[in-house]
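Right, one structure below, let's go through it.
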Amino acid sequence: MSLTVGAAIHRAQALLREAGVDGPRREARLLVGLASGLDAFLPTDTRLSPDAAGRLEVLVARRAAREPYAHLAEEREFMGLRFLVSGAALIPRPETECLIEALFRDRPARHILDLGTGTGAMLLSLLDRWPDARGVGVDRSVAALAVAGRNVTALGLHGRALLLASDWTGALRAAPTFDLAVCNPPYVRTDEIGTLDPEVRDYEPRLALDGGSDGLDSVRGLLPRLVRMLEPGARAVFETDPRLWEGLAALTEQHGGRDISCIPDLAGRRRGLIARFPGLAG
Numbered sequence: 012m013s014l015t016v017g018a019a020i021h022r023a024q025a026l027l028r029e030a031g032v033d034g035p036r037r038e039a040r041l042l043v044g045l046a047s048g049l050d051a052f053l054p055t056d057t058r059l060s061p062d063a064a065g066r067l068e069v070l071v072a073r074r075a076a077r078e079p080y081a082h083l084a085e086e087r088e089f090m091g092l093r094f095l096v097s098g099a100a101l102i103p104r105p106e107t108e109c110l111i112e113a114l115f116r117d118r119p120a121r122h123i124l125d126l127g128t129g130t131g132a133m134l135l136s137l138l139d140r141w142p143d144a145r146g147v148g149v150d151r152s153v154a155a156l157a158v159a160g161r162n163v164t165a166l167g168l169h170g171r172a173l174l175l176a177s178d179w180t181g182a183l184r185a186a187p188t189f190d191l192a193v194c195n196p197p198y199v200r201t202d203e204i205g206t207l208d209p210e211v212r213d214y215e216p217r218l219a220l221d222g223g224s225d226g227l228d229s230v231r232g233l234l235p236r237l238v239r240m241l242e243p244g245a246r247a248v249f250e251t252d253p254r255l256w257e258g259l260a261a262l263t264e265q266h267g268g269r270d271i272s273c274i275p276d277l278a279g280r281r282r283g284l285i286a287r288f289p290g291l292a293g
């Protein structure tokens with residue numbers, strides 16, 4: 012006899028709870044929906060096909076191994092858009108949405124630089140909202156850029172988004188070109204990576220996580236080069252660990268940043284920093 016949705020949820024929930032997955036019942040429902048291709052909240056007496064039951068078994072095993080749900084679904088919603096994801100790039104997160112929402116409350120940009128673009132979520136969300144804008148997304152990881160390229164195609168943003176494989180600004184001409192830079196740099200202290208949730212520690216790219224001994228190595232290296240790319244009056248936005256915000260603000264000010272302010276996350280923590288750069292001659 013085929014498995015009912017109710018029985019499938021009950022079995023998956025028990026396995027996920029044992030594995031330490033948060034919200035195991037909700038996750039079990041989502042996995043049933045993913046396996047069946049149907050609504051995650053099907054009536055519990057609905058019977059799963061043998062194929063769906065087989066897919067569910069594989070999905071539950073992967074999730075019980077703490078592989079992120081977004082990797083199983085191969086997509087994640089960000090700013091109302093669907094982004095393809097993989098283990099090659101960080102999964103877009105609600106904390107980062109707070110930075111983008113703050114920018115939407117300000118004037119639109121024309122030329123955007125996204126450093127460490129990953130899936131392209133930050134850059135492409137901005138381009139989707141600002142139809143007159145163009146942008147460049149830079150990442151060291153060719154695999155991450157492949158994911159971003161698929162998202163450019165899926166969102167119909169060809170011709171407005173250029174993707175470059177580079178170590179920060181290495182592939183760019185040192186000229187004041189951009190009026191907005193966004194960056195979600197690696198900011199986890201090296202000695203804290205082992206304490207992260209398994210979903211992050213074991214499945215997301217260390218290159219995008221490891222911020223060095225104090226979490227600020229990446230920003231310390233990119234700021235001197237970034238300021239040469241910014242038009243006078245340009246804005247730059249960085250995501251960071253709230254504990255590092257003061258250090259990031261000090262570095263930003265040392266490199267010419269002015270009008271430095273905080274962008275809080277959903278919990279009110281100092282997640283983002285925004286600054287204006289008057290230009291090298293400013």
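Sequential numbering from 12 applies to the sequence shown in the numbering used here.
Even glycine gets a Cβ: it sits at the ideal position worked out from N, Cα and C.
A quick note: this is a predicted structure, and the numbers were derived from the prediction, not measured.
Secondary structure remark: continuous beta strand (DSSP E) runs of at least 3 residues inside the segment 203-267, in chain order: 241-250. Taken atom to atom, the span from the alpha-carbon of Trp-141 to that of Ile-123 is near 11 Å.
Where Pro-275 is concerned, the enclosing beta strand (DSSP E) starts and stops at 269-275. With 16 or more other Cβ atoms inside 10 Å of its own Cβ, Asp-150 counts as buried. If you look at Glu-86, you'll find it in the beta strand (DSSP E) that goes 86-89. DSSP, reduced to helix, strand and coil, places His-122 within a strand of the structure shown. Per DSSP, Asp-178 has no beta-bridge partner at all. Looking at the DSSP output, Asp-117 shares a beta bridge with no other residue. In the DSSP annotation of this structure, the continuous segment of the beta strand (DSSP E) that includes Asp-190 starts and ends at 189-194. Secondary structure of Thr-130 (DSSP, three-state): coil. By the Cβ-count criterion, Phe-189 is buried, with 16 or more other Cβ atoms from all chains shown falling within 10 Å of its own Cβ.
Counting along the chain, no alpha helix (DSSP H) covers Arg-77, and no H or E run does either.
Here DSSP, grouped into helix, strand and coil, assigns Asp-143 to coil. Contact annotation: Val-158 and Val-193 have beta-carbon atoms that are not nearer than 8 Å. Distance from the CA atom of Asp-208 to the CA atom of Gly-91, rounded to whole angstroms, is 26 Å. Beyond the five residues adjoining it in sequence on each side, Arg-87 comes within less than 7 Å, by CB distance, of Ala-81, Phe-94, Val-96, Ile-102 and Pro-103 in the same chain, given in chain order. Counting along the chain, Ala-19 sits inside the alpha helix (DSSP H) bounded by residues 16-29. Fewer than three beta-carbon pairs drawn from the segment 56-65 and the segment 25-40 are found closer than 8 Å, and the two stretches are therefore not classed as touching. Selection Asp-143, Leu-137, Ala-176 and Gly-279 evaluated against Leu-156 yields Ala-176 as nearest (Cα-Cα).
Beta bridge pairing from DSSP links Gly-283 with Glu-250 and Ile-274. For Pro-119, the CB contacts under 6 Å within the same chain, skipping 5 residues up- and downstream, are Trp-141 in chain order.
Gln-265 counts as exposed, since fewer than 16 other C-beta atoms from the protein chains shown sit within 10 angstroms of its C-beta. Within its own chain, the residues whose Cβ lies closer than 6 Å to the Cβ of Arg-239, once the five positions on either side in sequence are excluded, are Ala-185, listed in chain order. Taking the C-beta atoms as reference points, Ala-219 is found no nearer than 8 Å to Gly-131.
For Arg-58, the three-state secondary structure derived from DSSP is strand. About 13 Å separates the Cβ atoms of Gly-258 and Cys-273, ruling out a contact at the 8 Å cut-off. The Cβ atoms of Leu-138 and Leu-183 lie no closer than 8 Å to each other. Comparing C-alpha distances from Glu-68 to each of Arg-246, Thr-201, Pro-235 and Leu-26 shows the shortest one belongs to Leu-26. Between Phe-89 and Glu-112, the CB-CB gap reaches or exceeds 8 Å.
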